[in-house]
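See below for the structure under consideration.
Residue numbers (this note's numbering): 14 to 140.
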């Protein structure tokens with residue numbers, strides 16, 4: 014039997030948003046050893062999705078300009094323990110969630126949709 018994916022509950026959304034803020038602040042303060050993060054510039058944390066049991070979280074990130082995305086995501090995954098320590102220090106939770114960083118693909122999807130709409134608009138204006 015196939016289980017349906019439930020929408021995120023209110024608690025998951027609140028915890029996810031707080032995680033996003035803590036991770037963003039940690040990125041701003043720096044203190045990383047990984048060379049990809051030292052020279053990365055600004056990294057935007059777009060979303061943090063947390064599992065219903067609050068033990069695992071997926072963090073979606075996008076570096077400014079979208080350059081070296083794979084390298085930066087790999088570096089963030091290597092430094093995940095540093096972020097987990099900061100989360101444990103700043104948030105009152107029974108468990109500190111295990112973090113997995115992924116590239117945010119929504120910017121590319123939004124750009125693609127925008128191009129399609131523009132193309133349709135251009136075709137309509139020609140007709």
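Built from N, CA and C at the ideal position, the CB exists for glycine as well.
query, result
"Would residue 49 and residue 100 be called neighbours here (beta carbons separated by less than 9 Å)?", "no"
"Under DSSP, the beta strand (DSSP E) around residue 71 begins and ends at which residues?", "69-76"
"In or out: residue 29 buried (at least 16 other Cβ within 10 Å) or exposed?", "buried"
"For the beta strand (DSSP E) containing residue 64, list its first residue and its last residue.", "Per DSSP, residue 64 belongs to no beta strand (DSSP E) and is neither H nor E."
"Suppose the cutoff is 8 Å on Cβ atoms and the five residues either side in sequence are ignored; what does the same chain contact list for residue 39 look like?", "95, 96 and 99"
"Where residue 139 and residue 130 are concerned, what is the direct C-alpha to C-alpha distance, given to the nearest angstrom?", "14 Å"
"Rounding to the nearest angstrom, what Cα-Cα distance links residue 135 and residue 54 in this structure?", "37 Å"
"Look at residue 25 and residue 64 and say whether their C-beta atoms are less than 9 Å apart.", "yes"
"Tell me, please, which residues DSSP counts as bridged to residue 111.", "69"
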